[in-house]
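The block underneath contains the structure these notes are about, expressed in structure tokens.
Protein chains: 2
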Amino acid sequence: MLSKQEKRLKRIIKMLQLSNPTTVNNLSSVMDVSHMTIRRDLDLLKERNLVDIFHGGVILKDNNKWKRQHPYSLSYANKQMNQEKKNIAAKAAAFVESEDIIIIDTGSTIEYFARSLPECIPITVICFTLNSLIYVSKLKNANIIFPGGYFHENTLMFESKEGIKLITSHPATTAFISASGVNLEIGVSCSNKYEFKTKTEMMKTADRKVLLVDSSKFNKVENTLFAELTDFDVLISDTGIPDEYMDYCKTHGIELILV
Amino acid sequence: MLSKQEKRLKRIIKMLQLSNPTTVNNLSSVMDVSHMTIRRDLDLLKERNLVDIFHGGVILKDNNKWKRQHPYSLSYANKQMNQEKKNIAAKAAAFVESEDIIIIDTGSTIEYFARSLPECIPITVICFTLNSLIYVSKLKNANIIFPGGYFHENTLMFESKEGIKLITSHPATTAFISASGVNLEIGVSCSNKYEFKTKTEMMKTADRKVLLVDSSKFNKVENTLFAELTDFDVLISDTGIPDEYMDYCKTHGIELILV
DNA sequence: TTAAAAATGTTATTATTTTAACATTATTAA
DNA sequence: TTAATAATGTTAAAATAATAACATTTTTAA
């Protein structure tokens with residue numbers, strides 16, 4: 001026999017399946033318990049990873065949503081910064097203008113960026129990861145250039161000498177680049193050696209360099225250094241970055257955007 | 260040209276597609292407009308029946324018309340021959356052996372072939388279409404080489420000079436090739452001029468050439484001729500092919516397999 | 001049954017969001 | 001260009017929701 005509370009939890013889930021999301025007030029009035037009881041129930045459901053709570057209500061989590069919809073996405077180890085990444089990506093998308101030739105890097109933030117690209121202005125997109133390609137290829141307004149090469153499963157990236165040549169011969173107006181480590185003294189780094197050539201080539205050819213990194217990457221150094229922070233024109237991150245980086249950007253003329 | 264507001268509306272929908280629901284505050288901060296502007300936008304979207312508004316935020320209606328189809332498969336004009344294509348693909352997959360380096364062509368039959376590839380022997384796959392890549396990239400037993408280039412939406416194919424070089428520098432043991440026209444006198448043809456270089460290069464470098472075509476393609480000639488029938492070592496088709504092709508294969512030493 | 005524990009309810013305070021009125025800025029058409 | 005109009009921004013007051021502390025009820029187990 002289920003406890004009263006467990007029965008309520010089941011009923012909440014059922015109600016959510018009927019209309020998602022719903023409000024604390026609605027649940028409270030329909031189930032004839034106080035809003036505090038509902039809130040405590042929701043806290044439990046949240047702990048069990050079944051719902052998300054927002055100001056005023058709840059939404060049912062679709063746990064398999066990610067896998068079902070996007071089987072080619074990276075299996076993100078750290079989903080902690082997902083909202084920040086999405087916001088950073090959305091901000092970056094505003095930098096894309098009509099007739100731009102943009103080149104985009106690897107990583108989950110960049111995948112979100114690819115998913116945020118405008119659909120109403122003509123652009124050319126150079127990309128070299130499968131996860132981004134899947135979204136970019138849907139754009140009706142984009143020419144797509146994919147410098148191919150050898151496949152790396154962990155990043156879903158392709159790279160080769162020939163691919164580098166394709167990048168070199170198509171100078172981008174803006175490069176949107178990610179990193180797994182950003183350090184004032186040491187520089188900007190990534191996790192895989194094979195990324196180096198592609199990253200540095202993007203940096204060389206692109207007119208404007210935009211770095212997209214969430215704040216969790218700051219003060220870290222990963223195994224492959226590929227740029228100085230001053231090599232970038234724009235840095236987009238979230239408000240969690242250390243203060244010294246704000247000062248650094250100011251004094252070194254890097255446009256800093258925090259979401 | 261869309262108005263600023265319409266652009267914002269599109270962007271709001273996009274952000275919702277990334278994370279649903281979302282808050283007025285989040286939208287306002289990411290898009291750098293006041294919350295009142297967002298509220299007015301949301302009112303519009305609500306009027307258009309695209310979203311629901313609740314205290315604090317918005318949720319995307321799941322009947323929304325912005326949901327795009329997944330266009331990673333070719334929109335097969337002729338689904339008549341689908342079963343034949345699948346059977347042809349399955350037969351062809353039996354030709355793949357351990358340590359093989361195979362290169363695979365464009366088209367729906369080849370997509371079925373990619374989906375039929377063995378999962379238990381180590382192979383290297385060279386492919387250059389998005390639809391095949393999506394299946395090949397799931398294989399745990401395959402090294403993948405993707406000669407990149409410019410994207411062609413109708414065939415989901417990529418091609419470029421640099422891609423050709425990658426093909427040349429990785430001679431395949433077997434090439435699995437498709438065609439949209441097979442004609443005894445004229446030869447084997449495809450529908451798009453841009454396929455020519457890639458197809459002829461595959462033919463040149465591969466040790467063994469296998470042609471996969473269903474019987475509906477016989478006696479047809481499409482605009483770009485890329486080979487003679489005698490250039491192939493194996494022809495896999497279905498029992499609907501004209502008799503003269505059977506004789507031809509016999510007299511010209513082409514292994515003919517009908518499913 | 002009863003005391004202890006757990007669950008639920010009540011209330012006031014705090015935090016957040018909404019609304020509405022008006023100011024400012026951008027866009028449009030003459 | 002200017003005047004008119006539309007779009008967006010600002011602000012303060014009103015409405016709603018969240019939190020926390022404590023009261024009450026229900027459940028549990030001796």
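Chains as they are written, first to last, in the working numbering: chain V, 1 to 259; chain Z, 260 to 518.
Each residue gets a CB set at the ideal place from its N, CA and C atoms; glycine is no exception.
This structure is a prediction, so every number in the text was calculated from the model and none was measured.
Within chain V, partners of Thr282(Z) - CB distance below 9 Å: As a first step, residue 282(Z) must be located in the second sequence, where it is residue number 23. Chain V residues near Thr282(Z): Phe54, His55.
Around the Cβ of Gly512(Z), are there at least 16 other Cβ atoms within 10 angstroms (buried) or fewer (exposed)? Position 253 of the second sequence, counting from 1, holds the residue named residue 512(Z). Around the CB of Gly512(Z), fewer than 16 other CB atoms lie within 10 Å, so the residue is classed as exposed.
So, under 8 Å CB-CB, Lys476(Z) and Gly440(Z) are touching, yes? Tell me the CB distance rounded to an integer number of Å. One-based indexing of the second sequence puts residue 476(Z) at position 217. One-based indexing of the second sequence puts residue 440(Z) at position 181. About 6 Å separates the beta carbon of Lys476(Z) from that of Gly440(Z), a gap short enough to meet the 8 Å contact definition.
Do you know offhand how far Ile88(V)'s Cα is from Ile102(V)'s? Start at 1 with the first residue of the first sequence, and residue 88(V) comes out as number 88. Start at 1 with the first residue of the first sequence, and residue 102(V) comes out as number 102. C-alpha separation (whole angstroms): 17 Å.
Identify the contact partners of Asn192(V) in chain Z, using a Cβ-Cβ distance below 7 Å as the criterion. Numbered from its first residue, the first sequence carries residue 192(V) at position 192. Under the 7 Å cutoff, chain Z gives no residues; its nearest Cβ is about 16 Å from Asn192(V).
When the Cα atoms are used, what is the spatial distance from Leu16(V) to Val289(Z)? One-based indexing of the first sequence puts residue 16(V) at position 16. One-based indexing of the second sequence puts residue 289(Z) at position 30. One C-alpha to the other measures close to 28 Å.
Quick one: what does DSSP say Asn442(Z) is sitting in, helix, strand or coil? The residue given as residue 442(Z) occupies position 183 in the second sequence. Annotated three-state conformation of Asn442(Z) is strand, per DSSP.
Classify Arg307(Z) as buried or exposed, calling it buried when 16 or more other Cβ atoms lie within 10 Å of its own Cβ. Your numbering for residue 307(Z) matches position 48 in the second sequence. Exposed, by the Cβ-count rule.
Which whole-angstrom value describes the C-beta separation of Ile385(Z) and Ala438(Z), a residue pair presumed to lie in contact below a C-beta threshold of 8 Å? Position 126 of the second sequence, counted from the first residue, corresponds to residue 385(Z). Position 179 of the second sequence, counted from the first residue, corresponds to residue 438(Z). Between Ala438(Z) and Ile385(Z) the Cβ distance is about 18 Å, and since that is not below 8 Å, they are no contact.
Status (buried if at least 16 other CB within 10 Å, exposed otherwise) for Lys263(Z): Taking the first residue of the second sequence as 1, we reach residue 263(Z) at position 4. Taking every protein chain shown into account, the CB of Lys263(Z) has fewer than 16 other CB atoms within 10 angstroms, so this residue is exposed.
In chain order, which alpha helix (DSSP H) runs of at least 4 residues are fully inside the segment 410-484 of chain Z? Segments of the alpha helix (DSSP H) lying fully in the segment 410-484 of chain Z: 420-427, 455-464.
Could you name the residues of chain V that Tyr394(Z) contacts, counting a contact when the two beta carbons are closer than 7 Å? The count along the second sequence starts at 1 and reaches residue 394(Z) at position 135. Chain V residues near Tyr394(Z): none, gap ~11 Å exceeds 7 Å.
Flag Tyr112(V) as yes if its beta-carbon sits less than 9 Å from any beta-carbon of chain Z, otherwise no. Locating residue 112(V) in the first sequence gives position 112, where the first residue counts as 1. It does; some Cβ of chain Z falls within 9 Å.
Measure the Cβ-Cβ separation of Ile404(Z) and Ser160(V) and say whether it is below 9 Å. Sequence index remark: in the second sequence, residue 404(Z) carries index 145 (1-based). Sequence index remark: in the first sequence, residue 160(V) carries index 160 (1-based). Yes.
For the segment 399-417 of chain Z, list every residue whose C-beta sits within 9 Å of some C-beta in chain V, in sequence order. Against chain V - using a Cβ distance shorter than 9 Å - the residues of the segment 399-417 of chain Z are Lys399, Ala401, Asn402, Ile403, Ile404, Phe405, Pro406, Gly407, Gly408, Tyr409, Phe410, Glu412, Leu415, Phe417.
Give me the chain Z residues within the contact set of Lys91(V), using Cβ-Cβ distance strictly less than 7 Å, ordered along the chain. Position 91 of the first sequence, counted from the start, is the residue given in the question as residue 91(V). At a C-beta separation below 7 Å, Lys91(V) has these neighbours in chain Z: Val289.
Bridge partners - Glu255(V), DSSP secondary structure assignment: Along the first sequence, one-based indexing puts residue 255(V) at 255. According to DSSP, which records beta bridges pairwise, Glu255(V) is partnered with Val234(V).
Between Cys249(V) and chain Z, is any beta-carbon pair separated by less than 9 Å? Along the first sequence, read from residue 1 onward, the residue named residue 249(V) stands at position 249. The beta carbon of Cys249(V) sits no closer than 9 Å to any beta carbon of chain Z.
Asn87(V) versus chain Z: which residues are under 8 Å apart at the beta carbon? Locating residue 87(V) in the first sequence gives position 87, counting from the first residue. The answer, in chain order, is Asn285, Ser288, Val289.
Alpha carbon to alpha carbon, what distance is there between Arg270(Z) and Lys61(V)? Within the first sequence, residue 61(V) is the residue found at index 61, counting from 1. Within the second sequence, residue 270(Z) is the residue found at index 11, counting from 1. Roughly 23 Å between the two C-alpha positions.
Name the two residues that bound the continuous beta strand (DSSP E) containing Ala94(V). Counting from 1 along the first sequence, the entry for residue 94(V) is found at position 94. It is not in any beta strand (DSSP E) - Ala94(V) carries neither H nor E in the DSSP assignment.
Interface partners of Ser496(Z) on chain V, CB under 8 Å: Within the second sequence, numbered from 1, the residue matching residue 496(Z) stands at position 237. The contacting residues do not exist; Ser496(Z) stays about 30 Å from chain V at best.
Which value, in whole angstroms, describes the spacing of the CA atoms of Ile516(Z) and Lys456(Z)? Looking up residue 516(Z) in the second sequence gives position 257. Looking up residue 456(Z) in the second sequence gives position 197. A direct Cα-to-Cα measurement between Ile516(Z) and Lys456(Z) gives close to 27 Å.
Whose Cβ in chain Z lies nearer than 9 Å to the Cβ of Ser116(V)? Numbered from its first residue, the first sequence carries residue 116(V) at position 116. Here the neighbours are Arg270, Lys273, Met274, Leu277.
Expressed to the nearest angstrom, what Euclidean distance is found between the alpha-carbon atoms of Lys14(V) and Lys397(Z)? In the first sequence, the residue the question calls residue 14(V) occupies position 14. In the second sequence, the residue the question calls residue 397(Z) occupies position 138. The straight-line gap from Cα to Cα measures roughly 36 Å.
Neighbouring residues, chain V, relative to Ser419(Z) (Cβ below 7 Å): Against the second sequence, residue 419(Z) aligns to sequence position 160. Going along chain V in sequence order, the residues near Ser419(Z) (Cβ under 7 Å) are Leu166.
Where Thr498(Z) sits in the DSSP three-state scheme: Your numbering for residue 498(Z) matches position 239 in the second sequence. Looking at Thr498(Z) - three-state DSSP - the assignment turns out to be coil, as it is neither helix nor strand.
Run down chain V in chain order and give the residues with a C-beta less than 8 Å from the C-beta of Lys266(Z). Translated into the one-based positions of the second sequence, residue 266(Z) becomes position 7. Under the 8 Å cutoff, chain V gives Pro118, Cys120.
From Leu268(Z) to Lys479(Z), what distance separates their C-alpha atoms? Walking along the second sequence from the start, residue 268(Z) turns up at place 9. Walking along the second sequence from the start, residue 479(Z) turns up at place 220. The alpha-carbon atoms of Leu268(Z) and Lys479(Z) are separated by roughly 49 Å.
For Met157(V), does the count of other Cβ atoms within 10 angstroms reach 16, so buried, or fall short, so exposed? Translated into positions along the first sequence, residue 157(V) becomes position 157. Classification of Met157(V): buried, given that the 10 Å Cβ count is 16 or more.
Name the chain Z residues whose beta carbon is nearer than 7 Å to that of Val259(V)? Within the first sequence, numbered from 1, the residue matching residue 259(V) stands at position 259. Near Val259(V) (Cβ distances below 7 Å), the residues of chain Z are Ser288, Val289.
DSSP three-state label for Ile110(V), please. Taking the first residue of the first sequence as 1, we reach residue 110(V) at position 110. Annotated three-state conformation of Ile110(V) is helix, per DSSP.
Thr230(V) burial status per 10 Å Cβ neighbour count (16 or more: buried): Start at 1 with the first residue of the first sequence, and residue 230(V) comes out as number 230. The residue is exposed, with fewer than 16 neighbouring Cβ atoms inside 10 Å.
CB contact below 9 Å: Gly163(V) versus chain Z: If you number the first sequence from 1, residue 163(V) lands on position 163. Using beta-carbon distances, Gly163(V) counts as an interface residue toward chain Z, with a partner under 9 Å.
Ends of the beta strand (DSSP E) at Leu60(V)? Counting from one through the first sequence, the residue named residue 60(V) turns up at place 60. That run of the beta strand (DSSP E) goes 57-60.
May I have the straight-line CA-CA distance separating Met462(Z) from Asp364(Z), to the nearest angstrom? On the second sequence, residue 462(Z) is found 203 positions in, with the first residue counted as 1. On the second sequence, residue 364(Z) is found 105 positions in, with the first residue counted as 1. Straight-line Cα distance between these residues: approximately 11 Å.
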